[in-house]
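Enquirer: All letters in the sequence shown, in the order written, are residues 1371 to 1548 by my numbering.
Note that the Cβ used here is the ideal one computed from N, Cα and C, for glycine as well.
As the structure is a computational prediction, the values presented were derived from the model and not from experiment.
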Amino acid sequence: MAPESKYMGTIKGLNSNAPPGCSLSYAEIEKLSDCLQDGTVFGILSELKEIQDIMLNNLHKERTNMVANYSRRREQMDNEQREEYEMMIGDINFQPAEEERMIRSFNDKKKALETEESDALHKYDLKILQQLDKQVDDQQNYLNAAQIPGMKRTTDSAELKRQMFILKIIDTLQSTHT
1371 MAPESKYMGT IKGLNSNAPP GCSLSYAEIE KLSDCLQDGT VFGILSELKE IQDIMLNNLH
1431 KERTNMVANY SRRREQMDNE QREEYEMMIG DINFQPAEEE RMIRSFNDKK KALETEESDA
1491 LHKYDLKILQ QLDKQVDDQQ NYLNAAQIPG MKRTTDSAEL KRQMFILKII DTLQSTHT
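1) Between the segment 1407 to 1420 and the segment 1478 to 1490, do at least 3 Cβ pairs fall closer than 8 Å?
2) Using CA atoms only, rank isn't needed, just tell me which of 1534, 1491, 1494 is closest to residue 1506.
3) Report the three-state DSSP secondary structure of residue 1371 (helix, strand or coil).
4) Do you know whose CA, among 1430, 1532, 1455, 1528, lies nearest residue 1549's CA?
5) Does the count of Cβ pairs from the segment 1493 to 1505 and the segment 1422 to 1440 closer than 8 Å reach three?
6) Considering only C-alpha positions, which residue in the set 1433, 1544, 1401, 1515 is nearest to residue 1493?
7) Grab the span of the alpha helix (DSSP H) containing residue 1349 for me, first residue to last.
8) Excluding five sequence neighbours on each side, which residues of the same chain lie with their C-beta closer than 7 Å to the C-beta of residue 1464?
9) With distance defined between alpha-carbon atoms, name the residue in 1510, 1462, 1475, 1474 nearest to residue 1526.
10) Residue 1453 to residue 1418, Cα distance in whole Å?
11) For residue 1462, count neighbouring C-beta atoms within 10 Å of its own C-beta (all shown protein chains included) and say buried if the count is 16 or more, exposed if not.
12) Using only alpha-carbon positions, find the residue among 1486, 1422, 1474 that is nearest to residue 1603.
13) Determine the burial state of residue 1377: buried for a count of at least 16 other Cβ atoms within 10 Å of its Cβ, exposed for fewer.
14) Between which residues of its own chain and residue 1440 is the CB-CB distance below 6 Å, once the five residues before and five after are set aside?
15) Are the Cβ atoms of residue 1436 and residue 1397 separated by less than 8 Å?
Now the structure itself:
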């Protein structure tokens, strides 16, 4: 009988506390332990985390810039409307009916900008979700190519939960054994 690898005991211990439906078979534990021996998987995981962090930071910055841009546009619109209103009130030919028309026009423009912002942010949020889905797909492909047990392309929530458990095991091993 071959000696157990240095990770086998820890993986068994972590597996004993697996969430329902996530526990690994003995063969999967052995395979996971074996594929971790040379440290390549830890390197792959670190690189995938770094790529994911960069992507998330970029998406966050883009969305924050969009929100800031709309905030500037609202502020500019408010200033322009205030100036226009003050000019109208100061006009000697001022008519109260004009004031009501102007206020309605201002409100319509504000509402149009709010709708534009809401639509743009909704569209961008959908883009974020698509990019995150692609990121998960790419990560699954890399981890499958590294022959990590349980890693394959899937959108099944139970399989994704199991994959996250396996990644948590690897992350724990990386932080405690390297």
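Expert: Taking the definition as stated:
1) no
2) 1534
3) For residue 1371, the pLDDT reaches just 45, beneath the cut-off of 50, and the residue's location in the model is therefore unreliable, leaving the point undetermined.
4) The structure shown does not extend to residue 1549, since the chain spans only 1371 to 1548, so no value can be given for it.
5) yes
6) Residue nearest to residue 1493 within the set 1433, 1544, 1401, 1515 is 1433 (criterion: CA-CA distance).
7) Given a span of 1371 to 1548 for the chain in the structure shown, any question on residue 1349 remains unanswerable.
8) 1458
9) It is 1510.
10) 53 Å
11) exposed
12) The requested residue 1603 does not occur in the structure, where the chain is confined to residues 1371 to 1548.
13) buried
14) 1487, listed in sequence order.
15) One thing to note: residue 1436 has its Cβ no nearer than 8 Å to the Cβ of residue 1397.
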